[in-house]
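A.B. asks:
Chains as they are written, first to last, in my numbering: chain Z, 1 to 308; chain H, 1001 to 1308.
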């Protein structure tokens, strides 16, 4: 079974959308990635940190979904990372109301022995030095290393970010961040410049406007599934990453053709994630539902005419 | 040969983009639609109006592209409709600097006898009463009537707009306008409401984020081709409409499957249009270039895995 090592936050989120609000609920990039990936025939393992306030039921939930949590450090005297945000009426913009790093401030990731030979490594959005530290602990070069990051690290830790970008195969980044990282407005040019920094594959996420996969001179586009309602976008990008890497760790094929499939699988899972608050929907999605919606993606994008 | 009747503006445009600016050049919805459609095996005919200042070379250009201009009225003592706009650095927003209706203010469209039995009718963005007047002059019901409109008519001529929307098969509209027309934020819900007003097909244009075709419970999505450079977006939507209706007038097949193909053809031509100012690129695009880029659209969107 393919092993997927996931590094990222495990957190409490408090979310306000036009449709309601939550108290502190389960959140964090590694949580969404791990739960999403658990829909594939893989062994996901999380490397992260939480405080003594992190409830046993959340640990049990992850274990029940076959997410390995040996690498999830519990700092008894500390508090779990907390994020709170409020979404605008159109759900496309959000204000961060609170970010309390807590135990994340001193996070020193330790990759369990069992995952030092992972097939696929997903470096969730974190300080680039933490991401690099994880790579140094690996006993063998994974088939594929995927890195997520954000504008904050471009503004505050440029050198460390460029260093880790140079070590990965795939970078996932949103369109504005791709422009910021490359200094190019055209996403075609931006992807080319970013690829020259290291990653053979550049995956640009455009939220409800889909995702673009660039590799050498090839481009693949996957739309987001048009939905009746988007309830809560929190974690959609991480769910996408979990579906993307989960599919690749299961199939162990890193050709461009198979990465295209992985992009569709990621978009597919993300379309479930936004239907309810936090991880609610991605926790209980069934294999039948996943297959049905994959067919909707085919219907949405596939056409058939002869080109002369 | 399929006949395509096109109603819309023929204009002078003065355009300013970050890459340069033009004096008064050939523009207008019917111009772009007619030139785009002339790439198909169809007879496009324009119904529009210009002033005595409209140069013979532009009339000759349209004729040389097999665009019938019998329905293009020349008001000798009048001036041609003039639009001027300036694009923002990202080309996604523009300011209108001038709109001089001139001869368009009293436009009374007359459909030439030869086009009163058109196979496909494309009602470009104009006053909805002008659009209705064209439909009343038709001797037989076309296979397909396509209507383009904009927010201005929603705000100023609601009843007339609703009336003409009730008479067409396809409405093309951008995402913000679809929301305004329907009062729904979700494009899935918006399309359903708009379809209930009359059109069996709702085609929502999202500019660089592609286009969505809705029909009953089915949805098809076509991306815009990611380009190295977008030089001038003026007329891209009308070029899209010209490729869409040109393909349909040639194939005379109005199934959902064939409308999907038409959306791809429209997106394909639009991707050329933006490469140079105004109609420059769409005037000289070759059949080989069109075919090559259709293949790029296939490569961009087609994937192939079995769904269990």
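Here a beta-carbon is modelled for each residue, glycine too, at the ideal position from N, C-alpha and C.
Check each candidate in Z:225, Z:105, Z:186 and Z:288 and name the one with the smallest Cα separation from residue 130 of chain Z.
C.D. replies: In the first chain, counting from the first residue as 1, residue 130 of chain Z sits at position 130. When only C-alpha atoms are compared, the closest one is Z:105.
A.B. asks: Kindly identify the DSSP beta-bridge partner or partners of residue 1087 of chain H.
C.D. replies: Position 87 of the second chain holds residue 1087 of chain H. Note: residue 1087 of chain H sits in a beta bridge opposite H:1094.
A.B. asks: Less than 8 Å between the C-beta atoms of residue 1245 of chain H and residue 1146 of chain H, yes or no?
C.D. replies: By one-based count along the second chain, residue 1245 of chain H stands at place 245. By one-based count along the second chain, residue 1146 of chain H stands at place 146. A contact, by the Cβ cut-off of 8 Å.
A.B. asks: Does DSSP classify residue 176 of chain Z as helix, strand or coil?
C.D. replies: By 1-based counting over the first chain, the position of residue 176 of chain Z is 176. Helix, per DSSP.
A.B. asks: Is residue 186 of chain Z close to chain H, meaning its C-beta is less than 8 Å from at least one C-beta of that chain?
C.D. replies: On the first chain, residue 186 of chain Z is found 186 positions in, with the first residue counted as 1. Yes, because at least one Cβ of chain H sits closer than 8 Å to the Cβ of residue 186 of chain Z.
A.B. asks: Nearest to residue 1053 of chain H by CA position, among H:1060, H:1079, H:1063 and H:1044, is which residue?
C.D. replies: The residue you call residue 1053 of chain H lines up with position 53 of the second chain. Comparing Cα positions, the closest option is H:1079.
A.B. asks: Tell me the rounded alpha-carbon separation between residue 82 of chain Z and residue 1172 of chain H.
C.D. replies: Walking along the first chain from the start, residue 82 of chain Z turns up at place 82. Walking along the second chain from the start, residue 1172 of chain H turns up at place 172. Answer to the nearest angstrom: the Cα atoms are 45 Å apart.
A.B. asks: Please confirm whether residue 298 of chain Z has its beta-carbon closer than 8 Å to some beta-carbon of chain H.
C.D. replies: The residue labelled residue 298 of chain Z in the question sits at position 298 within the first chain. So, interface residue.
A.B. asks: In three-state terms, what does DSSP make of residue 1157 of chain H?
C.D. replies: Along the second chain, read from residue 1 onward, the residue named residue 1157 of chain H stands at position 157. Coil, per DSSP.
A.B. asks: Please state the DSSP three-state secondary structure of residue 82 of chain Z.
C.D. replies: Sequence index remark: in the first chain, residue 82 of chain Z carries index 82 (1-based). Reduced to three states, the DSSP call for residue 82 of chain Z is strand.
A.B. asks: Mind checking the segment 1055-1077 of chain H against chain Z and listing, in chain order, the residues whose C-beta falls within less than 8 Å of any C-beta there?
C.D. replies: none
A.B. asks: Quick one: which chain Z residues come within Cβ less than 8 Å of residue 1209 of chain H?
C.D. replies: The residue labelled residue 1209 of chain H in the question sits at position 209 within the second chain. Those within 8 Å of residue 1209 of chain H in chain Z are 206, 209 and 210.
A.B. asks: At which residues does the alpha helix (DSSP H) containing residue 1128 of chain H begin and terminate?
C.D. replies: Numbered from 1 along the second chain, position 128 holds the residue referred to as residue 1128 of chain H. Counting along the chain, the alpha helix (DSSP H) containing residue 1128 of chain H begins and ends at 1128-1136.
A.B. asks: Given that residue 1044 of chain H touches chain Z, what residues does it touch there, using C-beta distances under 9 Å?
C.D. replies: Taking the second chain and counting its residues from 1, one reaches residue 1044 of chain H at position 44. Near residue 1044 of chain H there are no residues of chain Z at all, since even the closest Cβ is about 21 Å away, more than 9 Å.
A.B. asks: Counting along the chain, where does the alpha helix (DSSP H) carrying residue 287 of chain Z start and finish?
C.D. replies: Translated into positions along the first chain, residue 287 of chain Z becomes position 287. Start and end: 287-301.
A.B. asks: Would you check if the distance between the CB atom of residue 1193 of chain H and the CB atom of residue 1182 of chain H is smaller than 8 Å?
C.D. replies: Position 193 of the second chain, counted from the first residue, corresponds to residue 1193 of chain H. Position 182 of the second chain, counted from the first residue, corresponds to residue 1182 of chain H. In contact: residue 1193 of chain H and residue 1182 of chain H (Cβ atoms closer than 8 Å).
A.B. asks: Can at least three beta-carbon pairs, one atom from the segment 1110-1125 of chain H and one from the segment 1216-1230 of chain H, be found at a separation below 8 Å?
C.D. replies: Because the criterion of three Cβ pairs below 8 Å is not met, the segment 1110-1125 of chain H and the segment 1216-1230 of chain H do not touch.
A.B. asks: So, do the segment 1096-1103 of chain H and the segment 1033-1052 of chain H have three or more beta carbon pairs nearer to each other than 8 Å?
C.D. replies: Segments in contact, yes.
A.B. asks: On the CB-based measure, 16 or more other CB atoms within 10 Å of its CB, does residue 3 of chain Z come out buried or exposed?
C.D. replies: For the purposes of this step, residue 3 of chain Z is identified with residue 3 of the first chain, where counting begins at 1. It counts as buried.
A.B. asks: Between residue 1304 of chain H and residue 1095 of chain H, what straight-line distance do the alpha-carbon atoms span, to the nearest angstrom?
C.D. replies: If you number the second chain from 1, residue 1304 of chain H lands on position 304. If you number the second chain from 1, residue 1095 of chain H lands on position 95. When rounded, the separation of the alpha-carbon atoms in residue 1304 of chain H and residue 1095 of chain H is 43 Å.
A.B. asks: How about residue 267 of chain Z and residue 297 of chain Z: do their beta carbons lie closer than 8 Å?
C.D. replies: Position 267 of the first chain, counted from the first residue, corresponds to residue 267 of chain Z. Position 297 of the first chain, counted from the first residue, corresponds to residue 297 of chain Z. One thing to note: residue 267 of chain Z has its Cβ within 8 Å of the Cβ of residue 297 of chain Z.
A.B. asks: Might you give, ordered along the chain, the residues of its own chain that have their beta carbon closer than 7 Å to the beta carbon of residue 1142 of chain H, omitting 5 neighbours on each side?
C.D. replies: Within the second chain, residue 1142 of chain H is the residue found at index 142, counting from 1. Contacts found: 1118, 1119, 1120 and 1121.
A.B. asks: Just checking my contact of residue 150 of chain Z with residue 125 of chain Z at CB under 8 Å: how many whole Å lie between their CB atoms?
C.D. replies: By 1-based counting over the first chain, the position of residue 150 of chain Z is 150. By 1-based counting over the first chain, the position of residue 125 of chain Z is 125. For a cut-off of 8 Å, the C-beta gap from residue 150 of chain Z to residue 125 of chain Z is around 5 Å, short enough to register as a contact.
A.B. asks: Got a sec? Which residues, its chain only, sit under 6 Å from residue 1360 of chain H by beta carbon, not counting five neighbours each side?
C.D. replies: Since the first residue shown for chain H is 1001 and the last is 1308, residue 1360 of chain H is missing from the structure and cannot be characterised.
A.B. asks: Say whether the segment 54-73 of chain Z touches the segment 82-92 of chain Z, bearing in mind that this needs 3 or more beta-carbon pairs closer than 8 Å, one atom from each stretch.
C.D. replies: No, the segment 54-73 of chain Z is not in contact with the segment 82-92 of chain Z.
A.B. asks: Using a C-beta to C-beta distance shorter than 9 Å, which residues of chain H count as neighbours of residue 180 of chain Z?
C.D. replies: Translated into the one-based positions of the first chain, residue 180 of chain Z becomes position 180. Those within 9 Å of residue 180 of chain Z in chain H number zero; the least Cβ separation is about 13 Å.
A.B. asks: Quick one: using the 10 Å Cβ neighbour count with 16 as the cut-off for buried, is residue 1250 of chain H buried or exposed?
C.D. replies: Your numbering for residue 1250 of chain H matches position 250 in the second chain. That one is buried.
A.B. asks: Roughly how many whole angstroms lie between the Cα atoms of residue 1289 of chain H and residue 1007 of chain H?
C.D. replies: For the purposes of this step, residue 1289 of chain H is identified with residue 289 of the second chain, where counting begins at 1. For the purposes of this step, residue 1007 of chain H is identified with residue 7 of the second chain, where counting begins at 1. Residue 1289 of chain H and residue 1007 of chain H: Cα-Cα distance of roughly 28 Å.
A.B. asks: Throw me the rounded Cβ distance for the residue 1191 of chain H and residue 1220 of chain H pair, which I believe falls under 8 Å.
C.D. replies: Counting from one through the second chain, the residue named residue 1191 of chain H turns up at place 191. Counting from one through the second chain, the residue named residue 1220 of chain H turns up at place 220. With 8 Å as the limit, residue 1191 of chain H and residue 1220 of chain H do not qualify as a contact, their Cβ atoms being about 12 Å apart.
A.B. asks: For the beta strand (DSSP E) containing residue 1238 of chain H, name the first residue and the last one.
C.D. replies: Position 238 of the second chain, counting from 1, holds the residue named residue 1238 of chain H. It is not in any beta strand (DSSP E) - residue 1238 of chain H instead sits in the alpha helix (DSSP H) that spans 1236-1251.
A.B. asks: Please specify which runs of the beta strand (DSSP E), each continuous and at least 3 residues long, are wholly inside the segment 175-232 of chain Z, giving them in chain order.
C.D. replies: 201-205, 211-215 and 218-222
A.B. asks: Determine the direct distance from the alpha carbon of residue 1039 of chain H to that of residue 1287 of chain H, and round the result to whole angstroms.
C.D. replies: Along the second chain, read from residue 1 onward, the residue named residue 1287 of chain H stands at position 287. Along the second chain, read from residue 1 onward, the residue named residue 1039 of chain H stands at position 39. Each residue's Cα considered, the two are about 7 Å apart.
A.B. asks: Starting from the C-beta of residue 1260 of chain H, find all residues in its chain whose C-beta is less than 6 Å away, skip the five residues before and the five after it, and write them out in chain order.
C.D. replies: The count along the second chain starts at 1 and reaches residue 1260 of chain H at position 260. If we look at residue 1260 of chain H and ignore the five residues flanking it on each side, its Cβ neighbours are 1220.
A.B. asks: Where residue 301 of chain Z and residue 10 of chain Z are concerned, what is the direct C-alpha to C-alpha distance, given to the nearest angstrom?
C.D. replies: For the purposes of this step, residue 301 of chain Z is taken as residue 301 along the first chain, with counting starting at 1. For the purposes of this step, residue 10 of chain Z is taken as residue 10 along the first chain, with counting starting at 1. The alpha-carbon atoms of residue 301 of chain Z and residue 10 of chain Z are separated by roughly 34 Å.
A.B. asks: Going by C-alpha to C-alpha distance, which of Z:177, Z:19, Z:25 and Z:5 sits closest to residue 280 of chain Z?
C.D. replies: For this step, residue 280 of chain Z is matched to residue 280 along the first chain. Nearest of Z:177, Z:19, Z:25 and Z:5 to residue 280 of chain Z, Cα basis: Z:25.
A.B. asks: Given that residue 969 of chain H touches chain Z, what residues does it touch there, using C-beta distances under 8 Å?
C.D. replies: Residue coverage of chain H in this structure runs from 1001 to 1308, which leaves residue 969 of chain H outside it and unanswerable.
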